[in-house]
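For reference, the structure discussed in these notes is given below.
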Amino acid sequence: MARVKPKRHGVVTDMTAMCDVAFLLLTFFILTTQFKKPDVEQIKPPSSISEKLLPDASLMTINATPDGKFYFQPVDNASERLQLLDKMGQKYNMTFSNQQKASFQKVQAIGVPMSQLKGYLDMSDEEQKSFKSPTGIPMDSTNKQLVDWVQQSLSVNPDYKLAIKGDVTTQYPKVKSLFEGLRDIDFLKFWLITSQEGKP
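Per the numbering used here, the sequence shown runs over residues 71 to 270.
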């Protein structure tokens with residue numbers, strides 16, 4: 071009697087299909103993952119035991135450096151960024167060129183006073199990445215430009231969330247002025263970014 075060899079075509083086909091699906095899923099996750107942007111300046115936040123995660127979407131961020139400079143990172147939405155820039159321009163009686171608007175749509179973070187914003191947006195991408203602001207965005211009792219960025223962002227979309235990341239050595243009076251400014255516009259709910267206790 072002739073021996074019948076078992077057919078394995080179905081197994082090979084199934085394995086190929088599984089590899090195709092796995093590859094498609096991997097490609098999807100790579101393309102849709104939002105990678106964390108590096109800080110403009112080195113910031114080491116205080117530690118805590120909290121394990122809550124920040125929302126991925128509609129998040130604006132304020133960074134406070136060790137020497138008390140503030141940077142503002144708008145929400146990652148190109149069209150809404152344009153609306154924000156227009157609103158800030160109206161508030162400070164400024165107009166921006168199409169090239170400056172295009173630059174603002176992809177800028178990492180703003181760390182200059184409004185009077186210097188045009189010059190910053192005129193820089194190349196590489197110049198912006200290496201730029202270290204000597205002043206940051208003004209935030210004190212007489213000049214609250216940082217709060218203006220937050221307030222005008224909320225006028226674009228009131229559902230925006232705010233996270234504040236301060237260095238562990240940032241002087242409290244600097245951060246206190248920010249908290250007071252946010253209180254003045256009745257914006258009292260925000261996240262404080264910390265590092266997990268026991269991790270570098």
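The beta-carbon is built from N, C-alpha and C at its ideal position, and this holds for glycine as well.
Just to confirm the assignment, what range does the alpha helix (DSSP H) spanning residue i have?
| i | result |
| --- | --- |
| Lys235 | Where Lys235 is concerned, there is no enclosing alpha helix (DSSP H), although the beta strand (DSSP E) it sits in stretches over Lys231 to Gly236. |
| Asn168 | Asn168 to Lys176 |
| Met158 | Ala148 to Lys161 |
| Gly189 | Leu187 to Leu191 |
| Ser194 | Looking at the DSSP string, Ser194 is not in any alpha helix (DSSP H), and its letter there is neither H nor E. |
| Asp218 | Gln215 to Val226 |
Going by the DSSP bridge assignment, what does residue i pair with across the sheet?
| i | result |
| --- | --- |
| Met130 | Leu232 |
| Ile180 | Phe142 |
Mapping the DSSP letters down to three states, classify residue i as helix, strand or coil.
| i | result |
| --- | --- |
| Phe142 | strand |
| Leu258 | coil |
| Lys202 | coil |
| Ser247 | helix |
For a quick check, are the C-beta atoms of residue i and residue j less than 9 Å apart?
| i | j | result |
| --- | --- | --- |
| Val182 | Thr205 | yes |
| Gly251 | Leu216 | yes |
| Thr131 | Ile255 | no |
| Leu187 | Lys171 | no |
| Ser173 | Gln153 | no |
| Leu258 | Leu129 | no |
Assess contact between the stretch 139-148 and the stretch 161-169, defined as three or more Cβ pairs (one per stretch) separated by less than 8 Å. Is contact present? no
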